[in-house]
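Engineer: A single structure is presented below for examination.
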Amino acid sequence: VKKALIKTMSTMGITTIHSFFGSQIIEAVGLGKEVIEKYSCGTISRIGGIGLDEIAEEAVARHRNAYPVKKRPKRLLEPGGEYHLRLGGKKHLWTPETIYKLQFATRINDYTIFKEYSNLINDQSQEHVTLRSLLKFRKRKSVPLDEVEPVESILPRFVSAAMSFGSISKEAHEAIAIAMNRIGARSNSGEGGEDPVRYRETHYKRSSIKQVASGRFGVTSEYLVNADELQIKMAQGAKPGEGGQLPGHKVNEEIARIRHTTPGVTLISPPPHHDIYSIEDLAQLIYDLKSVNPKARVSVKLVSEAGVGTIAAGVAKAKADTILISGQDGGTGASPLTAIKHVGLPWELGLAETQQSLVANALRDRVKLQVDGQLKTGRDIVIAALLGAEEFGFGTTLLVTLGCVMMRKCHLNTCPVGIATQEPELRSRFTGRPEYVERFLRFIGEEVREIMAELGFRTMDEMIGHTELLDVEPLAANKKFARIDFSSILYQPQNKNRNIPLHCIRHQDPVEETDLDRELMKQVQPAIEKGTPVNLEMKIRNVHRSVGTRISGEIARKFGAKGLPENTIDLRFKGSAGQSLGAFLVPGINIRVEGDANDYLGKGMSGGRIILVPPADANFAPHENVIVGNTVLYGATGGEVFINGIAGERFAVRNSGACAVVEGVGNHGCEYMTGGVVVVIGRTGNNFAAGMSGGIAYVYDDTALFDTKCNLSMVELESVWDKDDRTFLRSLIERHYRFTKSPRAEKLLKNWEAHLPLFVKVTPVDYRQALERMRLKEDTDKTIVSATEEVYNE
Numbered sequence: 008v009k010k011a012l013i014k015t016m017s018t019m020g021i022t023t024i025h026s027f028f029g030s031q032i033i034e035a036v037g038l039g040k041e042v043i044e045k046y047s048c049g050t051i052s053r054i055g056g057i058g059l060d061e062i063a064e065e066a067v068a069r070h071r072n073a074y075p076v077k078k079r080p081k082r083l084l085e086p087g088g089e090y091h092l093r094l095g096g097k098k099h100l101w102t103p104e105t106i107y108k109l110q111f112a113t114r115i116n117d118y119t120i121f122k123e124y125s126n127l128i129n130d131q132s133q134e135h136v137t138l139r140s141l142l143k144f145r146k147r148k149s150v151p152l153d154e155v156e157p158v159e160s161i162l163p164r165f166v167s168a169a170m171s172f173g174s175i176s177k178e179a180h181e182a183i184a185i186a187m188n189r190i191g192a193r194s195n196s197g198e199g200g201e202d203p204v205r206y207r208e209t210h211y212k213r214s215s216i217k218q219v220a221s222g223r224f225g226v227t228s229e230y231l232v233n234a235d236e237l238q239i240k241m242a243q244g245a246k247p248g249e250g251g252q253l254p255g256h257k258v259n260e261e262i263a264r265i266r267h268t269t270p271g272v273t274l275i276s277p278p279p280h281h282d283i284y285s286i287e288d289l290a291q292l293i294y295d296l297k298s299v300n301p302k303a304r305v306s307v308k309l310v311s312e313a314g315v316g317t318i319a320a321g322v323a324k325a326k327a328d329t330i331l332i333s334g335q336d337g338g339t340g341a342s343p344l345t346a347i348k349h350v351g352l353p354w355e356l357g358l359a360e361t362q363q364s365l366v367a368n369a370l371r372d373r374v375k376l377q378v379d380g381q382l383k384t385g386r387d388i389v390i391a392a393l394l395g396a397e398e399f400g401f402g403t404t405l406l407v408t409l410g411c412v413m414m415r416k417c418h419l420n421t422c423p424v425g426i427a428t429q430e431p432e433l434r435s436r437f438t439g440r441p442e443y444v445e446r447f448l449r450f451i452g453e454e455v456r457e458i459m460a461e462l463g464f465r466t467m468d469e470m471i472g473h474t475e476l477l478d479v480e481p482l483a484a485n486k487k488f489a490r491i492d493f494s495s496i497l498y499q500p501q502n503k504n505r506n507i508p509l510h511c512i513r514h515q516d517p518v519e520e521t522d523l524d525r526e527l528m529k530q531v532q533p534a535i536e537k538g539t540p541v542n543l544e545m546k547i548r549n550v551h552r553s554v555g556t557r558i559s560g561e562i563a564r565k566f567g568a569k570g571l572p573e574n575t576i577d578l579r580f581k582g583s584a585g586q587s588l589g590a591f592l593v594p595g596i597n598i599r600v601e602g603d604a605n606d607y608l609g610k611g612m613s614g615g616r617i618i619l620v621p622p623a624d625a626n627f628a629p630h631e632n633v634i635v636g637n638t639v640l641y642g643a644t645g646g647e648v649f650i651n652g653i654a655g656e657r658f659a660v661r662n663s664g665a666c667a668v669v670e671g672v673g674n675h676g677c678e679y680m681t682g683g684v685v686v687v688i689g690r691t692g693n694n695f696a697a698g699m700s701g702g703i704a705y706v707y708d709d710t711a712l713f714d715t716k717c718n719l720s721m722v723e724l725e726s727v728w729d730k731d732d733r734t735f736l737r738s739l740i741e742r743h744y745r746f747t748k749s750p751r752a753e754k755l756l757k758n759w760e761a762h763l764p765l766f767v768k769v770t771p772v773d774y775r776q777a778l779e780r781m782r783l784k785e786d787t788d789k790t791i792v793s794a795t796e797e798v799y800n801e
């Protein structure tokens, strides 16, 4: 119980038990107003529902079932079927019949059979599974089908939901991308990065949408510039409040290479983005992404929940181009059972609230609305459009089309049809083809056209947001459903200005460049165009954000991950750098700041070097004073950072490959780190190495208290006894002194043998085991090669 309570509190962002008491972090779906007001006053219940009489009837019925009056109780429990389809259990939309119909229809390209599948899904008259099944279309004068816009103009509104390479196999991931690219739709890479081989313009395997999730796996400048859309995943519909997790047994060498991690090491995404704690922080990340790739639009993925409309308004003001509302039904079979049924809400609720909020605040014209969460038929698409959606995401349905049989064992790496597995033998069983996905989406488009014709719409844009064409099915025969009130979903806000559109009609306001950005881009052109070394010295102020990011994007677009030769561009600044200094920095760029810097320095950097030193006339001890803000090196995959001073909290969070030397850090240092090296030659805050599954840290512990500040749940502590470790550690501190002239580093180096025993090496347990397996494999390979050569020579 304690563990479950702590997990729930963590998921909801609550840190103390006193804050948890009376917090009412719940929302009721289908519970009547009179019950709420009497027993749970203040709880949100937007669609009303059953009262005490219905609750009592169900309780009595369950009791009679367990304790019959005239006979013994059944020895076997009811089938249940909450999570898996069971004969006689709860109704599921995915049944052997619906799966067969869909797969057969797409394999033989038969629209008639697809309509049979669609009718099975849409017919929920006996047992309703979705909110939208309780709605119907109002009668309206129809138009001829040939006057409705063609399928080809509807297909670009379709996207594949974010499913990472790692959660699903390479074959399934690429099949979806190929299909979406062929029909002019867009595929989503998910949060696991993407193989650079797929970036080629002539390659149909390139994902148009690249996701930026809390783990930042595989997020580099090269990754970001090879996207038409960049999606910030704030949460996942199936498990909001929880980060993704890829078990170590699914992390093979190819996945580790793409994610910039180590094979066999479990990969954990933090529950939140550690550079987003407010709408202003989100605006900064959007600014970063638009700086590195000005050509891409930026979308933000939110989960359907009460209050999402207010959040969406803030997202629109933060200059996002698209807002995705994800419903509770989305997600793979790898989601925790507790999350599948008890978190998130139907997308109908969140989409309606978001549309109403954006229209009421005159923001709807500048942002597109997208929705996902078990969209299965053309009817689902039309209802979503009438509630305000312009674009539509498909996830599970695409996997079923490719052969998924809903075993719900996605996390075990044992998928029998080769979709949610990395095992070569199981992947060989994958029989899906891109054509199946193409046919399914064309069928969906055709069914949408038929409904549009019945409703009298010629284009999708005409239909968006017109909730007056939705009505509630007569449900008097069912006491539970008869009391549901859809007025909050079908409500249309009254606008003082009646010309405010119900859909997006213009582009979001562009990111404004500062004078410094423009001057830097102008000055570094010789380096980008001809490889001529460039050295610049300039003043910098805290209004100058994401300095170096735009340059990095241009270099990555032209030269890819290799960037420029070392020291090609040398930028020297004096002053206070703004947020995200050197974000997504690439090889070939050096940035040196004499002064201080704000949060997010080196975020996502994949190369280059950042040096931060106090002003020359500073009269304080650098190792006793903070010189840079929070969340330095978040998601970095390469490069070097040398900081002559103390950093704030969450230093090197989710670092995957950068090397850093710093003279002190705040709380949560090296949190969720999966690679790279961090040397701290000063004090640390609490909770050091929490969730750290890879990489190495060396900490100078002159007080012998570091073990009390380190989270030991995933790491081991030891002295620096290995000869190679000693040499490596000294070389890093020597480089730190060379670049910063740090008094602290000088003191350590002058009496190295005396200070060396005070260093503690922090090594994740999984990481050590993975390295041992890799060494064993290398030794075995060398033995085989040696034996082969010996036989050959003889």
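Numbering (our numbering), first residue to last: 8 to 801.
Using N, Cα and C, we set each Cβ at its ideal position, and we do this for glycine too.
Note that the coordinates shown come from a computational prediction; the quantities given were computed from them, not determined experimentally.
1. Tell me whether V798 sits in a helix, a strand or coil according to DSSP, three-state version.
2. Determine the DSSP secondary structure at T681, reduced to helix, strand or coil.
3. Could you check the C-alpha separation between R371 and G321 for me, to the nearest Å?
4. Give me, in chain order, the residues of the same chain whose beta-carbon lies closer than 6 Å to that of L547; leave out the 5 immediate sequence neighbours on both sides.
5. Please say whether W354 and S306 have beta carbons closer to each other than 8 Å?
6. Might you give, ordered along the chain, the residues of its own chain that have their beta carbon closer than 6 Å to the beta carbon of E461, omitting 5 neighbours on each side?
7. When we look at the beta-carbon of D522 and count the other beta-carbons within 10 Å, is it buried (16 or more) or exposed?
8. Exposed or buried, V798, counting other C-beta atoms within 10 Å across all chains shown (16 or more means buried)?
9. From I390 to T361, what does the alpha carbon distance come to, in whole angstroms?
10. Helix, strand or coil, according to DSSP, for L619 in the structure here?
11. For Y206, which of helix, strand or coil comes out of DSSP?
12. Would you give the residue range spanned by the beta strand (DSSP E) that P6 belongs to?
13. Going along the chain, which unbroken runs of the alpha helix (DSSP H) with 4 or more residues stay wholly within the segment 506–562?
14. In chain order, what residues of the same chain lie with their CB nearer than 7 Å to the CB of I426, ignoring the 5 residues before and after it?
15. Which partner residues of N195 appear in the DSSP bridge assignment?
16. Classify C417 as helix, strand or coil using the three-state DSSP reduction.
17. For E453, is the beta carbon positioned less than 7 Å from some heavy atom of the ligand SAH?
18. Going by beta carbon distance, what residues of the same chain come within less than 8 Å of I507, once the five residues before and after it are set aside?
19. So, helix, strand or coil for Q363, using DSSP?
20. Would A568 and P279 qualify as a contact pair, given that the criterion is a beta-carbon distance under 8 Å?
21. Just reading off the beta strand (DSSP E) that N126 is part of, what are its end residues?
22. Where does Y284 sit, in a helix, a strand or coil, going by DSSP?
23. So, at 6 Å on beta carbons, what are the nonlocal neighbours of R145 in its own chain, with the 5 sequence-adjacent residues on each side left out?
24. Between S364, P771, A192, which has its C-alpha nearest I318's C-alpha?
25. Spell out the partners DSSP gives F401 in its beta bridges.
26. Could you tell me the alpha carbon to alpha carbon distance between S214 and P540, rounded to whole angstroms?
27. Looking only at its own chain, which residues have a Cβ that is under 6 Å from the Cβ of G191, when we skip the five neighbours before and after it?
28. If you run the structure through DSSP and keep just helix, strand and coil, what is V350?
29. Alpha carbons only, please: which of E725, E457, M699 is nearest the one belonging to D708?
30. Just the C-alpha distance for R223 and E287, rounded to the nearest angstrom, thanks.
31. So who's on the other strand from D379, going by DSSP bridges?
32. Classify D282: buried if its beta carbon has 16 or more other beta carbons within 10 angstroms, exposed otherwise.
33. Name the DSSP bridge partner or partners of G55?
34. With a threshold of 6 Å on Cβ separation, who are the neighbours of V686 within its own chain once the five nearest residues in sequence on each side are excluded?
35. If you compare alpha carbons, which of P533, I688, A323, V600 is closest to H551?
Structural biologist: By the coordinates alone:
1. Legend: pLDDT at V798 = 49, less than 50; position of this residue unreliable, no value from coordinates given.
2. strand
3. 12 Å
4. Position check: residue 547 holds Ile in this sequence, whereas Leu was assumed. Hits under 6 Å: F580, G582, A584.
5. no
6. S149
7. exposed
8. Since pLDDT at V798 reaches only 49, below the 50 mark, its modelled position is unreliable, and the value read off the structure follows with that caveat. So V798 ends up on the exposed side.
9. 15 Å
10. strand
11. helix
12. Since the first residue shown for the chain is 8 and the last is 801, residue 6 is missing from the structure and cannot be characterised.
13. 522–530, 532–537
14. I175, S176, A179, L406, L409, G410, C411, F437
15. I216
16. helix
17. Ligands are entirely absent from the displayed structure, and the ligand SAH is therefore not among its contents.
18. V366, A369, R371, D372
19. helix
20. no
21. It is not in any beta strand (DSSP E) - N126 instead sits in the alpha helix (DSSP H) that spans 118–129.
22. coil
23. L476, D478
24. S364
25. S167
26. 34 Å
27. L162, P163
28. coil
29. E725
30. 20 Å
31. S333, G400
32. buried
33. I491
34. V668, Y705, L739
35. V600
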